[in-house]
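Last residue of the sequence shown: 228 (this note's numbering), numbering continuous. Ideal Cβ positions, reconstructed from N, Cα and C, are used throughout, including at glycine.
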Amino acid sequence: MKKILSLFIAGMCLLLSSCGNNEKLSISTPEKVYATYYSELDAHDWELSQDEINDWVAWLNNFTVSLLNLEESKALLDYMYYNGNNPQYSFDVGAADTLENIAYFNCGLEHGYLRMDNTWYCVENPTEPFGKY
């Protein structure tokens, strides 16, 4: 138990200090976006309207992010595994045969986390994309 707690604390320290080399995202507006919001045992699915897609793109492009390295990504995944009740959003973007998945995690920490193209980013200025749930 002490070993797990030590690993958890080390991972949290790594996460809290992980943002650096900041950049802004530049996402273009897709034709279709399907969203899923997860919180504890609850999930909500919907297709974004054109206005929601425009707001979603603006929300993403407002983020200040930095790339997480492999070790930071592993610490983040461990944290999410042990604290699985944190809200997250999953977005399937594009046509049905070429969907790209984007995931956003706001773990209640100082930073949020974004996964795009299987690459993890630390989000310096996390916010919620929608106030629906």
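Item, Value
"Please state whether DSSP places threonine 193 in a helix, a strand or coil.", "helix"
"Just mark histidine 139 as buried or exposed, buried being the case when its beta carbon has 16 or more other beta carbons within 10 Å.", "exposed"
"Comparing alpha-carbon positions, which option in Ser144, Leu165, Thr124 and Thr222 lies nearest tyrosine 184?", "Thr222"
"With asparagine 146 as the anchor, note down where its alpha helix (DSSP H) starts and where it stops.", "Here residue 146 is aspartate; the residue named in the question, asparagine, does not match the sequence. Start and end: 145-157."
"State the DSSP-derived secondary structure class of lysine 119, mapped to helix, strand or coil.", "strand"
"What's the gap between the Cα of aspartate 187 and the Cα of serine 134?", "18 angstroms"
"Start and end of the beta strand (DSSP E) containing histidine 139?", "137-142"
"Can you tell me the Cα-Cα spacing of proline 246 and leucine 163, whole angstroms?", "The structure shown does not extend to residue 246, since the chain spans only 96 to 228, so no value can be given for it."
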